[in-house]
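>
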Amino acid sequence: MATTDARPTTRPSGALSVREGIARQYDYWLTVYKRTWRGGVANSFVTPLFYVLAMGVLLGGFIEGDPDRLEGATSYLAFIVPGLVAAHAMTIAVSETTYPVMGAIKWHKTFFAQLATPLAVRDLVNAFLCFVVFRIASACAVFMLVLAPFGVFETWWGPVLAWVSQVLVGSAFATLAFGFSARLKSEEGFGLLFRLGVLPLTLFSGAFFPIANLGPVLEWAARLTPLWHGVSLSRMLCLDTVDWSLAALNAGVLVLLCVVGWRWAVTGLDKRLEV
Amino acid sequence: MISARGLRKSFGDFEAVKGIDVDVRRGEAFGFLGPNGAGKSSTMRMIASVSPVSSGELRILGMDPATDGPAIRGRLGVCPQEDTLDNELNVFDNLYIYGRYFGIDRATCRDRAHELLEFAQITDKAKAKVESLSGGMKRRLTIARSLINSPDLLLLDEPTTGLDPQARHVLWDQLFRLKQAGVTLVITTHYMDEAEQLCDRLVVMDKGLIAAEGSPRELIDAHSTREVAELRFGVGEHEALADKVEDLGERVEVLPDRLLVYSDHGEEVVTAVLERGLHPIATLVRRSTLEDVFLRLTGRSLAD
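Going down the list, the sequences are from chains U and B.
The first sequence maps to residues 1389 to 1663 in the numbering used here.
The second sequence maps to residues 3 to 306 in the numbering used here.
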């Protein structure tokens, strides 16, 4: 509901530091994690493994491993893995910040209960996103470790940095989707987000094929998507084909999206919970 | 504890609270009585420092909610109208985790949670899922949760709405005990019996304004007679018969299902009605309640 009130701009007395605000919710998120990690394993690990087997190994068997046509990869599996993990980071991020955010607002009213304590909206968003980032980081780490024996990584340090880039792209999507969910009145909007947002991004942002195949116009459109920046960074690092100026651009865009997304999430939830 | 001057709350063009003055003193049980939509809950949310004041002045525990929100909330207990318990946590964790939000250390949180389970008489449900609790138990758990930080001021928004009579009495008993322990209570309710039972002082709210203020006794003395004779006639007859009994009391109210004749001597009214050859289907003489005060002040019953 729109109100005519102005929020104070100064930091209120008794407001918690960022660290303290998150620390006070640690036990809550630990309990949530203990309850949900089993389901998370299936979603965040088994499903993408199927993709790797079906697309990377089996479908990839039909594709010639030409480094010139596969952005430097010597096999289709090596090409697809870094992009697949980045796309996977996005999927986890969006799943964890859509229905769960709406649930905390609309169904379980968790946020309302939490706001009756010294915690502020900013603290709720921070702790929530920390949990989501942890989920993304752990899922991607396990995934990358399992893939290591397949011989798809060129160096030892590349995949480590690639993992950081996957967490970064996941974080960017988590903040943006949180902001979207906080503003959404009905869960029907999530169907559109997944069908018209997540799915096309997964398919056309360079995870499954080089975006050069899209033709000049669509190729540039693909370059503008946040996921492409994550896929590009993750792939260059895994294949040891890093163009550092492009890598800086990719990382810069993702960091910027995290900052903008965080702001969007906080303002969205602040407005939504104001009664 | 609370001081409000010209307090207002608007949502766009709609003004839910239209300028009220309220003072709540330490250790008292203070009530906001009024029908749904009177502005009680909006007022409570401003006091709870989660909803910004649109205009006017509000001080809670000597602080300004606009600048000291977190500090105020740290010393409040809030029992909201709708249950906001975490259904996915068990009963004990609902208390324990909530305590952690206030920055209470883990050991103290655990001790306090056990004490409160006992207070709420749900110790045997400590490991149960919230979903399995009855409505009354959930309410008691919500109140227990609001006490986890040993608040100076406890806000209860419609604490017994939707509970059966027995559950209400258990809850009232607990609120009494809190009051005796010196906790300041602020209660909103649309149940007049609840307000009479629990409140030392109250304001009657209607359409965003305060219609009257005082102790339940003072309000009844000031705005109603000692007794009320309730006369029930056949359907649709009440309006027409009102004229015939008007002179028997200080005032007559016509309700859809009965006539209320206000007089200090209710039995005499009933006798006089029968002497006039009128034959009500049922009669009842009772003491005036806050419901009568509300009817007098607003021309509507609380259930409207």
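Glycine included, every Cβ here is placed at the ideal spot set by N, Cα and C.
Values in this document were obtained by computation on a predicted structure and should not be read as measured data.
Between Ala197/B and Leu204/B, is the Cβ-Cβ spacing less than 8 Å?
One-based indexing of the second sequence puts residue 197/B at position 195. One-based indexing of the second sequence puts residue 204/B at position 202. Yes, they are a contact pair.
> By Cβ distance below 7 Å, which residues in the same chain neighbour Arg10/B in space, the five residues on each side in sequence not counted?
Residue 10/B sits at position 8 when you count from the first residue of the second sequence. Here the set comprises Glu17, Val19, Lys20, Gly21, Ser56, Ser57, Gly58.
> Within the 8 Å Cβ cut-off, does Ala109/B reach chain U?
Start at 1 with the first residue of the second sequence, and residue 109/B comes out as number 107. For Ala109/B, the answer is no, since every Cβ of chain U falls outside 8 Å of its Cβ.
> Taking any Cβ of chain B, which residues in the stretch 1487-1502 of chain U have a Cβ under 7 Å from it, in chain order?
Answer set for the stretch 1487-1502 of chain U: His1496, Lys1497, Thr1498, Phe1500, Ala1501, Gln1502.
> Which of the three DSSP states, helix, strand or coil, is assigned to Thr1398/U?
By 1-based counting over the first sequence, the position of residue 1398/U is 10. At Thr1398/U the pLDDT is 47, less than 50, meaning the model places this residue with poor confidence; the figure from the coordinates comes in the next sentence. Three-state result, Thr1398/U: coil.
> Between the C-alpha atoms of Val237/B and Asp259/B, what's the straight-line distance to the nearest angstrom?
Against the second sequence, residue 237/B aligns to sequence position 235. Against the second sequence, residue 259/B aligns to sequence position 257. Approximately 7 Å between the Cα atoms of the pair.
> Listed in chain order, which residues of the stretch 1412-1437 of chain U have Cβ atoms closer than 8 Å to some Cβ of chain B?
Cβ contacts with chain B come from Arg1412, Gln1413, Tyr1414, Asp1415, Tyr1416, Thr1419, Val1420, Arg1423.
> Say whether chain B places a C-beta atom closer than 8 Å to the C-beta of Leu1589/U.
In the first sequence, residue 1589/U corresponds to position 201, counting from 1. Not an interface residue.
> Can you name the residues that DSSP bridges to Gly79/B?
For the purposes of this step, residue 79/B is taken as the residue at position 77 of the second sequence. The partner list for Gly79/B (beta bridge, DSSP) reads Leu156/B.
> When we look at the beta-carbon of Arg1651/U and count the other beta-carbons within 10 Å, is it buried (16 or more) or exposed?
Within the first sequence, numbered from 1, the residue matching residue 1651/U stands at position 263. The residue is exposed, with fewer than 16 neighbouring Cβ atoms inside 10 Å.
> Compare the C-beta of Gly1402/U with all C-beta atoms of chain B and state if any pair is closer than 8 Å.
Working through the first sequence from its first residue, we reach residue 1402/U at position 14. Yes, Gly1402/U counts as interfacial toward chain B.
> Show which residues of chain B have a CB atom less than 8 Å away from the CB atom of Ala1508/U.
Residue 1508/U sits at position 120 when you count from the first residue of the first sequence. The answer, in chain order, is Gly71, Pro72.
> Taking just the CA atoms, how far does Ser1620/U sit from Ala1635/U?
Locating residue 1635/U in the first sequence gives position 247, where the first residue counts as 1. Locating residue 1620/U in the first sequence gives position 232, where the first residue counts as 1. Distance between the alpha carbons of Ala1635/U and Ser1620/U is about 8 Å.
> Just curious, the beta strand (DSSP E) that Val254/B is in, first and last residue?
In the second sequence, the residue the question calls residue 254/B occupies position 252. Taken as a continuous stretch (DSSP letters only), the beta strand (DSSP E) holding Val254/B covers 253-256.
> Would Ala1481/U and Ala1565/U qualify as a contact pair, given that the criterion is a beta-carbon distance under 8 Å?
Indexing the first sequence from 1 puts residue 1481/U at position 93. Indexing the first sequence from 1 puts residue 1565/U at position 177. Result yes, Cβ atoms of Ala1481/U and Ala1565/U sit closer than 8 Å.
> Hey, how far is the Cα of Ala1411/U from the Cα of Gly1448/U?
Position 23 of the first sequence, counted from the first residue, corresponds to residue 1411/U. Position 60 of the first sequence, counted from the first residue, corresponds to residue 1448/U. Approximately 46 Å between the Cα atoms of the pair.
> Does DSSP put Thr1391/U in a helix, in a strand, or in coil?
Residue numbering aside, residue 1391/U sits at position 3 when the first sequence is read from its first letter. Low confidence applies to Thr1391/U: its pLDDT is 42, below 50, so where it sits in the model is not reliable enough to give any reading.
> So Leu1535/U and Val1434/U are in contact, right, with Cβ under 8 Å, and what is the actual spacing, rounded?
Taking the first residue of the first sequence as position 1, residue 1535/U is located at position 147. Taking the first residue of the first sequence as position 1, residue 1434/U is located at position 46. With a Cβ gap of about 14 Å, Leu1535/U and Val1434/U do not count as contacting.
> Compare the C-alpha of Arg142/B against each of Glu120/B, Ala284/B, Pro153/B and name the closest.
Here residue 142/B corresponds to residue number 140 of the second sequence, with the count starting at 1. Nearest C-alpha to Arg142/B: Glu120/B.
> Please compile the residues from chain B whose C-beta is within a distance smaller than 9 Å of the C-beta of Ala1550/U.
Taking the first sequence and counting its residues from 1, the one referred to as residue 1550/U is at position 162. Result: empty, since nearest Cβ-Cβ is about 35 Å, beyond 9 Å.
> In or out: Arg298/B buried (at least 16 other Cβ within 10 Å) or exposed?
The residue labelled residue 298/B in the question sits at position 296 within the second sequence. With 16 or more Cβ atoms within 10 Å of its Cβ, Arg298/B is classed as buried.
> Check whether the Cβ of Glu1459/U lies closer than 8 Å to any Cβ atom in chain B.
Reading the first sequence from its first residue, position 71 is the one you call residue 1459/U. Glu1459/U does not count as touching chain B.
> Residues of chain B with CB under 9 Å from Glu1484/U, in chain order?
One-based indexing of the first sequence puts residue 1484/U at position 96. What Glu1484/U touches in chain B: nothing, since even the nearest Cβ is about 15 Å away.
> What did DSSP end up calling Gly33/B once you bin it into helix, strand or coil?
The count along the second sequence starts at 1 and reaches residue 33/B at position 31. Residue state, collapsed to three classes: strand.
> Does the Cβ-Cβ distance between Ala1562/U and Val1521/U come in under 8 Å?
For the purposes of this step, residue 1562/U is identified with residue 174 of the first sequence, where counting begins at 1. For the purposes of this step, residue 1521/U is identified with residue 133 of the first sequence, where counting begins at 1. For Ala1562/U and Val1521/U, yes; Cβs fall inside 8 Å.
> Kindly confirm or deny that the stretch 124-141 of chain B and the stretch 57-76 of chain B touch, where touching means at least three C-beta pairs closer than 8 Å.
Cβ pair count under 8 Å is below three, so no.
> In terms of residues, what are the limits of the beta strand (DSSP E) holding Asp25/B?
Here residue 25/B corresponds to residue number 23 of the second sequence, with the count starting at 1. Run containing Asp25/B: 16-26, per the beta strand (DSSP E) assignment.
> Mind checking the stretch 137-165 of chain B against chain U and listing, in chain order, the residues whose C-beta falls within less than 7 Å of any C-beta there?
Hits within the stretch: zero.
> Could you name each continuous alpha helix (DSSP H) segment of 4 residues or more that falls completely within the stretch 1478-1550 of chain U, going from the start of the chain to the end?
DSSP runs (the alpha helix (DSSP H)) wholly in the stretch 1478-1550 of chain U: 1487-1490, 1498-1503, 1509-1535.
> Which one of Gly1539/U, Ala1475/U, Asp1415/U has the shortest CA to CA distance from Ala109/B?
Reading the second sequence from its first residue, position 107 is the one you call residue 109/B. Answer by Cα proximity: Asp1415/U.
> Please confirm whether Glu84/B has its beta-carbon closer than 8 Å to some beta-carbon of chain U.
Position 82 of the second sequence, counted from the start, is the residue given in the question as residue 84/B. True, the Cβ-Cβ gap to chain U drops below 8 Å.
> Name the one or two DSSP bridge partners that Ser12/B has.
Mapped onto the second sequence, residue 12/B falls at position 10. For Ser12/B, which the question treats as bridged, DSSP gives the partners Glu17/B.
> Short of 7 Å in beta carbon distance, which residues of its chain neighbour Glu252/B, apart from the five on each side in sequence? Order them along the chain.
Start at 1 with the first residue of the second sequence, and residue 252/B comes out as number 250. These residues qualify, in order along the chain: Thr227, Tyr264, Ser265.
> Taking three-plus beta-carbon pairs below 8 Å as touching, is the stretch 175-195 of chain B in contact with the stretch 24-32 of chain B?
The stretch 175-195 of chain B vs the stretch 24-32 of chain B: in contact.
> On the DSSP letters alone, give me the boundaries of the beta strand (DSSP E) that Leu233/B sits inside.
Position 231 of the second sequence, counting from 1, holds the residue named residue 233/B. Per DSSP, Leu233/B belongs to the beta strand (DSSP E) from 229-234.
> How many angstroms separate the CA atom of Gln199/B from the CA atom of Thr1505/U?
Against the second sequence, residue 199/B aligns to sequence position 197. Against the first sequence, residue 1505/U aligns to sequence position 117. So the alpha carbons of these two residues sit roughly 29 Å apart.
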